[in-house]
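Note that full-length UniProt numbering has the sequence shown beginning at 1, numbered continuously upward.
Notes follow the structure.
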Amino acid sequence: MQRWHQSSCRNTRRKIWAERRSSSRHGFTVYKATKDTGVPYETLRRHIFGINVTGSTGSGRPTVLTRTEEDKLVEILAYLARQAFPLDTSDICDLVQQFLNNLGRETQWKDNRPTRFWLSLLASRKPEILTITRAKSLTEEVVGAFFSMYNGMLVDLGLEDKPDNIYNLDETGLSTDPRSTRVIVPSKSRDAYLKTASCGKATYSVLFCVNATGNYFPPFVVYKAKREPFDSWMRGGPPGTAYGTTPSGWMEGNIFESWFQTIFVPEITKKHDGQPTVLVYDGHGSHMTYRTAALAKDNNITVVCLPPHTSHAIQPLDVAVFKPVKVAWAQILKRWQRESRLVAVDKSVFPTLISQLWKELDPVHAVAGFRGSGLFPVDAEKVRSRMVGPGSTSRDDIPSPDEALQDAVLSVLSPEQSSETKAALANKTKRRSRVQNKSGEVLTSESSLQRLELEAAKRAEKGKKSPSSQQDRKLSKKREEKGKKRSSSHKIEKPSAKRKVTKLTTRSK
Numbered sequence: 001m002q003r004w005h006q007s008s009c010r011n012t013r014r015k016i017w018a019e020r021r022s023s024s025r026h027g028f029t030v031y032k033a034t035k036d037t038g039v040p041y042e043t044l045r046r047h048i049f050g051i052n053v054t055g056s057t058g059s060g061r062p063t064v065l066t067r068t069e070e071d072k073l074v075e076i077l078a079y080l081a082r083q084a085f086p087l088d089t090s091d092i093c094d095l096v097q098q099f100l101n102n103l104g105r106e107t108q109w110k111d112n113r114p115t116r117f118w119l120s121l122l123a124s125r126k127p128e129i130l131t132i133t134r135a136k137s138l139t140e141e142v143v144g145a146f147f148s149m150y151n152g153m154l155v156d157l158g159l160e161d162k163p164d165n166i167y168n169l170d171e172t173g174l175s176t177d178p179r180s181t182r183v184i185v186p187s188k189s190r191d192a193y194l195k196t197a198s199c200g201k202a203t204y205s206v207l208f209c210v211n212a213t214g215n216y217f218p219p220f221v222v223y224k225a226k227r228e229p230f231d232s233w234m235r236g237g238p239p240g241t242a243y244g245t246t247p248s249g250w251m252e253g254n255i256f257e258s259w260f261q262t263i264f265v266p267e268i269t270k271k272h273d274g275q276p277t278v279l280v281y282d283g284h285g286s287h288m289t290y291r292t293a294a295l296a297k298d299n300n301i302t303v304v305c306l307p308p309h310t311s312h313a314i315q316p317l318d319v320a321v322f323k324p325v326k327v328a329w330a331q332i333l334k335r336w337q338r339e340s341r342l343v344a345v346d347k348s349v350f351p352t353l354i355s356q357l358w359k360e361l362d363p364v365h366a367v368a369g370f371r372g373s374g375l376f377p378v379d380a381e382k383v384r385s386r387m388v389g390p391g392s393t394s395r396d397d398i399p400s401p402d403e404a405l406q407d408a409v410l411s412v413l414s415p416e417q418s419s420e421t422k423a424a425l426a427n428k429t430k431r432r433s434r435v436q437n438k439s440g441e442v443l444t445s446e447s448s449l450q451r452l453e454l455e456a457a458k459r460a461e462k463g464k465k466s467p468s469s470q471q472d473r474k475l476s477k478k479r480e481e482k483g484k485k486r487s488s489s490h491k492i493e494k495p496s497a498k499r500k501v502t503k504l505t506t507r508s509k
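Right, dumping it as structure tokens:
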């Protein structure tokens, strides 16, 4: 026993010497830090070298929630995130407060509501908007049917190992608003102003096209204009950039057909020499016309339309390309504002900025987009991981047997409807009536109700004057028919134009 104790002490000293040598290489030692700060040596040593006692929660007063309750809470938060109902810090505080109230537990928190410091270690992300239509459209049946068709098509075309022949296209809007990040101002400042050249409401539509190896087509820029573009709008962009104009500023079928015929098809024919090519798009009506479909068929291009409302999960450009593009575009805008001394980004400036953006496009993002969407290599599981649940908030769907926690979740996600909410829902389903008013006339809710009541009274008065019984209606109808017959019998037949010409000719003779 004594020999074991001596060897144990010897091993401990060796560990301490090794820690000293490792620390001294970085210019400090644990002993020196202990002397300077007054923190115990063992505490600093465990902190620096990541040593912790298994099962120890540290010293100090006990936590408000037990380890089991915290694990249940983490499970609930993960479940809600998978259902596309992520909670923010305020929601989590409400959830914990309601949970503690249901348990009848009193804590050091005011009204049992956690402070923001309690949530300081939680990781947060900015959520992406997912409409209820998109959430319901991405189902197991839709994903399974699409990837079964898509995989079979690639096998039939012999493209299961040719990523260079698989393309994806989509358009996005590049805004001129430079407000993309938070700024640092004095703590007493109530407002933070950013001096810019314009309000930043202008948005330019740009069509992106890329294949599964990360090769980008030159951009296709669509300007908002009712007439032909000026030459300055097309000067300074990347080589091969296409430009077009529409009244709305967004893609339309005629200009997409022109781009497809003059840019895409010649480039595909030159690059692949008639080999099969796949073009994946989101099914928007502006991307397909009869002429476009005929051109694709004649040039051995198979157009694949994604299922409706699933582009957020299956379209490579949406999955991994557009987000870094918007980040790079924000930096380009900020640099332009400073270098140009606050000159607005108009149509004559935009080609130069889009040229800078195209230099920063990374092929890695495009390859990651095709991989993340499961289009190449074909993997439906990549999309299944993006599917969300039905979003039900019933008690049976909450993954926790704790009734107090279930009640807290339901109180946060589906609180009792207020009277204002009930009135608004009833107004949404109520039958609407058109209110007659003059051009430029302003109405209030009271005046509109009065006008509707007046119109209803006029219609009722008009109904009283008209014949109410069925017999009276039949008699009035018969009188009308008799009157029509009398008027038709008294009509004098007019001579035709041919007879008139004959009489005039006879007289002249």
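Yeah, the Cβ is synthetic: ideal placement off N, Cα and C, and Gly gets one too.
Computed from a prediction, not measured in an experiment: that's the story for all the values here.
When DSSP states are grouped into helix, strand and coil, D407 belongs to the helix group.
Here F208 is not near V39, since their CB atoms are 9 angstroms or more apart.
In terms of CA proximity to A380, V142 leads the group V30, V142 and E75.
CA-to-CA, the gap between E42 and D36 works out to about 15 angstroms. Look at F117 here: in three-state DSSP terms it is helix.
Here the alpha carbons of L452 and R431 stand approximately 13 angstroms from one another. In the three-state scheme derived from DSSP, where H, G and I count as helix and E and B as strand, D170 is classed as strand. DSSP places K224 inside the beta strand (DSSP E), whose first and last residues are F220 to K224.
For V442, no alpha helix (DSSP H) encloses it, and the DSSP letter there is neither H nor E. Take the alpha-carbon of S373 and the one of I398: they are about 29 angstroms apart. DSSP places C209 in the uninterrupted beta strand (DSSP E) bounded by T203 to N211. Following the DSSP letters along the chain, one finds C93 inside the alpha helix (DSSP H) bounded by residues T89 to L103. Here the region 155 to 166 makes contact with the region 209 to 220; the two share three or more CB pairs at distances below 8 angstroms.
The region 270 to 290 and the region 146 to 165 touch, with no fewer than 3 CB-CB distances between them shorter than 8 angstroms.
In this structure, I255 and V221 do not form a Cβ contact; the two beta carbons are roughly 11 angstroms apart against a cut-off of 8 angstroms.
Following the DSSP letters along the chain, one finds V325 in no beta strand (DSSP E) but inside the alpha helix (DSSP H) bounded by residues F322 to E339. Taking all protein chains in view, the Cβ of D282 is crowded by 16 or more other Cβ atoms within 10 Å, so the residue is classified as buried.
With respect to I263, N299 sits apart: the two C-beta atoms are not nearer than 9 angstroms. In this structure, DSSP gives A242 an extended state, which the three-state scheme calls strand.
For Y281, the uninterrupted beta strand (DSSP E) segment begins and ends at T277 to Y281. In this chain, the beta strand (DSSP E) harbouring I301 covers I301 to C305. Beyond the five residues adjoining it in sequence on each side, K477 comes within less than 7 angstroms, by CB distance, of no other residue in the same chain. In this structure S205 touches E171 by the C-beta definition: roughly 6 angstroms separates them, less than 8 angstroms. Exposed is the label assigned to C199, since fewer than 16 other Cβ atoms lie within 10 Å of its Cβ. By the beta-carbon neighbour count (other beta carbons within 10 angstroms, threshold 16), A424 is exposed. In the structure shown, V388 falls within a coil segment according to DSSP collapsed to helix, strand and coil. For E106, there is no enclosing alpha helix (DSSP H), as DSSP marks it with neither H nor E. Beta bridge pairing from DSSP links V378 with L375.
Taking every protein chain shown into account, the CB of E257 has 16 or more other CB atoms within 10 angstroms, so this residue is buried. Beta-bridge partners of Y216 (DSSP): V210. Counted as a single uninterrupted DSSP element, the alpha helix (DSSP H) harbouring Y79 occupies residues R67 to R82. Cα atoms of T421 and R46: separation of roughly 55 angstroms, rounded to the nearest angstrom. By the Cβ neighbour-count rule, Q450 is exposed, with fewer than 16 other Cβ atoms within 10 Å of its own. If the five residues before and after R386 are omitted, its C-beta is found closer than 8 angstroms to the C-beta atoms of L138, H312 and A313, all from its own chain and listed in chain order. About 35 angstroms separates the beta carbons of H309 and T196, which is beyond the 8 angstroms limit, so they are not a contact pair.
Following the DSSP letters along the chain, one finds F256 inside the alpha helix (DSSP H) bounded by residues G253 to W259.
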